[in-house]
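Below: the structure, in structure tokens.
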Ligand code: CMC
């Protein structure tokens, strides 16, 4: 076989030929490698999935060494700069092609008509303490939506599945805006379907009828940049929950919970806390020293896949200057720039190939636009919803997929007899 791996098992001297397809081997092939018929066969051991592909996907391509990110083949920089609507990119991510005008109109109408949220969800939200973390509320409300749409459980029906996609895309901006207003003790504002997806979200959030075009563009670009990122932690959760055939609201709530963590989407909140703590440029070297001593992490830096500048960070850094022209410069920008400069020239970061990621500059923009720090990850979730849904849909319709269920390498005790409590 030309594209294959030849393996010799030194325990038995037996030889095995394992086909290589798309640069990967099927690890189930390793199970044929046994010392005798009773042997279970060899497994792959890969904590944190460092080198394990669990899906074949056509949605997002990343080349981490070169710093390339594409949705369905289109470079992220072009989509961020040239697409005039987030829903156009959302359509591309979900359906695989850029929409015609009629397709985009229909997609937009199906989603925007779902921007209205049933009253019972508002009642649940009002039960949360005003100081509750917005991500905790978002996780809860997404899960709660499942109780309103029990038919969503029928995930093998494509029409029902699409309906839930429209609902989650339509409901999420409204939920996010309601959560924002709840934390401020403000009344909820009705959606305005005349506005764009991003504009409507900002208007509902800040209680306005119009939105500054620079803020609308910034929101659109940020949503586009966050829309998908192949098999990251939260997407893996979305697929994993979906693989048990749970409804998409349950899966989206789980994905949102995974996003919340400070090593994932929660990093944007952590970056601002870090900049607050550093306070002045003079304190930057001492902070970097602590990072190099392993006492803490430089939040917003480093990535499992990118070993180069995250292309999203480059776009966001540029966008920050556009927003600051309207809002005035966020004073923390100077600290962020100083951190980046020192880090990019420092042996510790160069050796480990640590560069700014999407979360490093996004919080500075969010803060300048008036979002509190603990709301940043909600904005990440709002953008990522379409990616989760596209990946979930791909998973559900992939005939090769089954319930996700990893193996383990058991290293605990062998069988031993129970000891009564008075003998321990
Ligand atoms: N600051 C300091 N050192 C770091 C950092 C950092 N931000 N990130 C990685 N390292 C070091 C790490 O200590 C290790 O060093 P050593 O080899 O000496 O032990 C080396 O770099 C490799 O790190 P790792 O933890 O094995 O890498 P990983 O692929 O498991 O982690 C990461 C990726 C993103 C979790 C990590 O880089 C990190 O914690 N970054 C800060 C949090 C952050 O910004 N997260 C947002 C990620 S992008 C948005 C998203 O997709 O959610």
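In this note's numbering, the protein residues as written are 44 to 467.
We put the CB at the ideal spot given by N, CA and C, even for glycine.
Which residue wins for smallest C-alpha separation from residue i, given the options the options?
i, options, result
"residue 441", "99, 89 and 186", "99"
"residue 217", "246, 452 and 113", "246"
"residue 383", "367, 353 and 412", "353"
"residue 208", "90, 431 and 45", "431"
"residue 60", "54, 45 and 53", "45"
"residue 210", "222, 221 and 191", "191"
"residue 230", "239, 220 and 238", "220"
"residue 316", "415, 362 and 92", "415"
"residue 213", "378, 462 and 425", "425"
"residue 194", "290, 137, 349 and 62", "290"
"residue 443", "75, 68 and 97", "97"
"residue 380", "438, 235, 279 and 361", "361"
"residue 249", "266, 268, 223 and 267", "223"
"residue 83", "89, 74, 91 and 90", "74"
"residue 160", "215, 378, 106 and 329", "215"
"residue 280", "311, 62, 385 and 92", "92"
So for residue i, helix, strand or coil by DSSP?
i, result
"residue 253", "coil"
"residue 106", "strand"
"residue 67", "strand"
"residue 59", "strand"
"residue 226", "helix"
"residue 111", "strand"
"residue 216", "helix"
Determine the direct distance from the alpha carbon of residue j to that of residue i, and round the result to whole angstroms.
i, j, result
"residue 473", "residue 451", "There is simply no residue 473 to check, as the chain begins at 44 and stops at 467 in what is shown."
"residue 141", "residue 271", "16 Å"
"residue 54", "residue 77", "9 Å"
"residue 410", "residue 85", "51 Å"
"residue 180", "residue 314", "22 Å"
"residue 273", "residue 165", "33 Å"
"residue 418", "residue 447", "31 Å"
"residue 200", "residue 376", "49 Å"
"residue 436", "residue 132", "17 Å"
"residue 5", "residue 342", "With the chain covering only 44 through 467, there is no way to say anything about residue 5."
"residue 113", "residue 365", "24 Å"
"residue 395", "residue 109", "15 Å"
"residue 47", "residue 58", "12 Å"
"residue 264", "residue 49", "48 Å"
"residue 465", "residue 309", "48 Å"
"residue 288", "residue 276", "19 Å"
Enumerated in chain order, which unbroken segments of the alpha helix (DSSP H) with a length of 4 residues or greater are wholly contained in the segment 124-198?
129-138, 144-155, 162-169 and 177-191
Runs of alpha helix (DSSP H) lying entirely within the segment 405-457, each at least 4 residues, in chain order:
419-439
I'd like to know if the segment 170-187 and the segment 144-155 are in contact, where contact means that at least 3 CB-CB pairs between them fall below 8 Å.
no
Can you pull every residue whose C-beta falls closer than 6 Å to some heavy atom of ligand 2, listed in chain order?
Only ligand 1 can be found as ligands here, which leaves ligand 2 out of the picture.
Should the segment 389-402 be called in touch with the segment 346-361, which here means at least 3 C-beta pairs below 8 Å?
yes
Would the segment 166-173 count as touching the segment 295-305 if we require 3 or more Cβ pairs under 8 Å?
no
Only counting runs of 4 or more residues, tell me where the alpha helix (DSSP H) segments fall wholly within the segment 256-281, in order along the chain.
256-269
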